[in-house]
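Before any comments, here is the structure.
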Amino acid sequence: MAFRFKPVDDVFYDLFQTSAQHLVEGAAILAELLGEGADRKAIAARMQEAEHRADETTHEIASRVNATFVTPFDREDIYALASGLDDVMDYMEEAVDLTVLYEVGALPAEIAEQVDVLQRCAELTAEAMPRLRSMKDLSEYWIEINRLENAGDKSFRHILALLFGGSYDALDVLKLKDIVESLESAVDAFEKVANTVEQIHAKES
Amino acid sequence: MAFRFKPVDDVFYDLFQTSAQHLVEGAAILAELLGEGADRKAIAARMQEAEHRADETTHEIASRVNATFVTPFDREDIYALASGLDDVMDYMEEAVDLTVLYEVGALPAEIAEQVDVLQRCAELTAEAMPRLRSMKDLSEYWIEINRLENAGDKSFRHILALLFGGSYDALDVLKLKDIVESLESAVDAFEKVANTVEQIHAKES
Amino acid sequence: MAFRFKPVDDVFYDLFQTSAQHLVEGAAILAELLGEGADRKAIAARMQEAEHRADETTHEIASRVNATFVTPFDREDIYALASGLDDVMDYMEEAVDLTVLYEVGALPAEIAEQVDVLQRCAELTAEAMPRLRSMKDLSEYWIEINRLENAGDKSFRHILALLFGGSYDALDVLKLKDIVESLESAVDAFEKVANTVEQIHAKES
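So the sequences go chain by chain: A, B and C.
Residues in the first sequence are numbered from 1432 upward in steps of one, following the numbering used here.
Residues in the second sequence are numbered from 1432 upward in steps of one, following the numbering used here.
Residues in the third sequence are numbered from 1432 upward in steps of one, following the numbering used here.
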């Protein structure tokens, strides 16, 4: 009920910011997975909790769209932004979950590059969300996300080459490929969020 | 021409119901695949016919949208709903087809959990379509689909752990993983249909 | 600045045509990959350049949508069409890149069927783009793309059966499967472009 006396628009901006902050948190949990001797099960449990909180924020946005007559921008765009942010979390959680599920041994060190990209995307996205209010200074955000997505794609392909380079057996390739693909999907989902922001900006400004 | 004297809106509701009933039928054919000694080629042929009929309904909806001046809800939403229902069928047909194509041996018993989820999703969706007319009592449908999707996701991950657990060789893992991923995609496609219905409800009610 | 004195609409039609012509070029480069003794690295480098040019056209379309008050059809549809064309290029480039990255040996001859389909889809799409001006004679385009997508899907599944047929080891199956899946995704992306055109046609004509 804390939102009651705020103007309607503010609620949406606050919720998008909350949603992006869940991603900052999720990316940080993901980074812990790479630490030597990490307690993967405990990390996976915390990741799952973070993912549940993100889900709740997404549903909060959806139900407020339903209940609100005038929204700050098109309903479809609010849905697209909310579900785009949610997708990032789902892919990050998937990566952590698969690591536990497949009982993967040591993760290739190169995965750290993908996780770095994800952490920076999460921070940039969380910083950009409040700027939706004014629709100002957003272009640097989506340009940088696009640059990071390119860097992430290079890391991803580099890791694939490594996996197929002959030092892993087929089952390990299959396992690790699933994990790095989840991370790559998370990076792609950040880019999709940035594209959505760019489209909202184009329509509203 | 049977539709000629019906109000325009009714035609769309009837077609969505028909489309969802194809999915009930498809899920039932899929379930037969799990029976011991099932004639997989015959089942795949029937599945393909069901998929063709579903395609025809989808095209019928699309061509009616094109030919109709006033539609019961936004054109984009009609397309999204029709193509979402079509996607479910495509994934179910894919699962059956891959089973034959890969000459897979016995399917892991746990696949039955995924197929159960699909059958219940199909029934719920077929029951919900007529309620688009009044836009009433739809929330229980999408809530239950979301719950089933979570259950399906758990089954999916459980089967993945099983496949990588050491009793399957890499080629069999690859084959079976493709099949359970198709089934998981079908469940996800049901959830997307439910999300579309939720969005239509939000706009129209 | 060559566009300055053209009516606004024309710029978009020209850009869509340019975008589709990049795909004709990309599909031709892809076809070279299949030639015996092909210099794959050189081909991959040219493919990457073609992909960069396609990216630039996509961004040109997006920035013009932002800067233009009256667009020839809905902003969302312009984005959908531009990003759909861009997706095709991304998948074709991915297929070429993976071939180099995975150091794949001989490609199965059957891949030529998929590449044939892609070349014909690219030509049909490039021929159809100018017809967006009049919105006439477009149905034959999307019908033929749908037919080609069905043919492409048959080739794809045929190659999958071949890969799992026993003469490839698991690692080679994994590598080749990724490549043929990229090609299949490119065909699917052409179909999505055709569906977008069909929807634009339905709204605008």
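Backbone N, C-alpha and C define an ideal beta-carbon position, used for all residues, glycine too.
- Residue range Arg1506 to Leu1532 is occupied by the alpha helix (DSSP H) that includes C:Tyr1510.
- If you look at C:Met1478, you'll find it in the alpha helix (DSSP H) that goes Arg1471 to Ala1498.
- Against chain A, a Cβ distance below 7 Å from B:Arg1578 picks out nothing, because the smallest value is about 13 Å.
- Per the coordinates, the alpha-carbon of C:Glu1456 lies some 7 Å from the alpha-carbon of C:Ala1481.
- For a cut-off of 8 Å, the C-beta gap from B:Ala1458 to B:Met1523 is around 7 Å, short enough to register as a contact.
- With contacts defined as CB atoms closer than 9 Å, B:Gln1545 and B:Gly1596 fail to qualify as a contacting pair.
- In the three-state DSSP reduction, A:Arg1578 falls in the helix class (H, G or I).
- Straight through space, the alpha carbons of C:Phe1621 and C:Leu1569 are spaced by roughly 15 Å.
- Neighbourhood of B:Ala1601 in chain C, by CB distance below 9 Å: Asp1600, Ala1601, Leu1602, Val1604 and Leu1605, in chain order.
- At least 9 Å separates the CB of C:Leu1464 from every CB of chain A.
- Taking the Cα positions, C:Gly1466 is about 29 Å away from C:Tyr1572.
- A residue is called buried once 16 or more other Cβ atoms fall within 10 Å of its Cβ, and A:Phe1500, having fewer, is exposed.
- Apart from sequence neighbours up to five positions away, the residues of its chain that approach C:Gln1452 with a beta-carbon distance below 8 Å are Ala1557, ordered along the chain.
- As summarised for the segment 1559 to 1627 of chain A, the continuous alpha helix (DSSP H) elements at least 4 residues long and confined to that stretch are 1570 to 1594, given in chain order.
- C:Val1519 has its alpha-carbon roughly 7 Å from the corresponding atom of C:Leu1454.
- Across the set C:Ala1476, C:Leu1516, C:Asp1609 and C:Tyr1444, the C-alpha of C:Leu1516 shows the shortest separation from the C-alpha of C:Leu1549.
- Cβ-Cβ separation between C:Ala1511 and C:Ile1492: approximately 11 Å, too far for a contact (criterion under 8 Å).
- Contact check between the segment 1590 to 1604 of chain B and the segment 1523 to 1536 of chain A: three or more CB pairs, one atom from each, fall below 8 Å, which counts as touching.
- The alpha-carbon separation between A:Lys1608 and C:Asp1505 amounts to approximately 39 Å.
- The DSSP-derived three-state label of B:Val1546 is helix.
- Residue state for A:Gly1457 is assigned as helix, using DSSP reduced to three classes.
- Across the segment 1497 to 1524 of chain B, CB contacts with chain C closer than 7 Å involve Asn1497, Arg1506 and Tyr1510, in sequence order along the chain.
- At a beta-carbon threshold of 8 Å, the residues of chain C lying near A:Lys1634 are Arg1506, ordered along the chain.
- Between the C-alpha atoms of B:Ser1586 and C:Leu1605 there is a straight-line separation of about 24 Å.
- At the C-beta level, C:Asp1528 and C:Met1566 stay beyond 9 Å of one another.
- Taking the Cα positions, B:Tyr1444 is about 20 Å away from B:His1483.
- B:Arg1588 belongs to the set of residues whose beta carbon lies under 9 Å from a beta carbon in chain A.
- Taking 8 Å as the Cβ-Cβ cut-off, the segment 1529 to 1543 of chain A approaches chain B at Leu1529, Leu1532, Tyr1533 and Glu1534, given in chain order.
- Collapsing the DSSP output to three states places B:Val1501 in coil.
- The beta carbon of A:Glu1615 sits closer than 8 Å to the beta carbons of Gln1545, Gly1583, Asp1584 and Phe1587 from its chain, once the five residues preceding and following it are set aside; these are given in chain order.
- Assignment of B:Ala1540 by DSSP, reduced to helix, strand and coil, places it in the coil class.
- Counting of Cβ neighbours within 10 angstroms places A:Ser1450 among the buried residues, the total reaching 16 or more.
- The alpha carbon of C:Gly1536 has as its nearest neighbour, out of C:Asn1581, C:Leu1602, C:Arg1495 and C:Asp1440, the alpha carbon of C:Leu1602.
- Less than 9 Å separates the beta-carbon of B:Ala1526 from that of B:Ile1610.
- The DSSP-derived three-state label of A:Leu1465 is coil.
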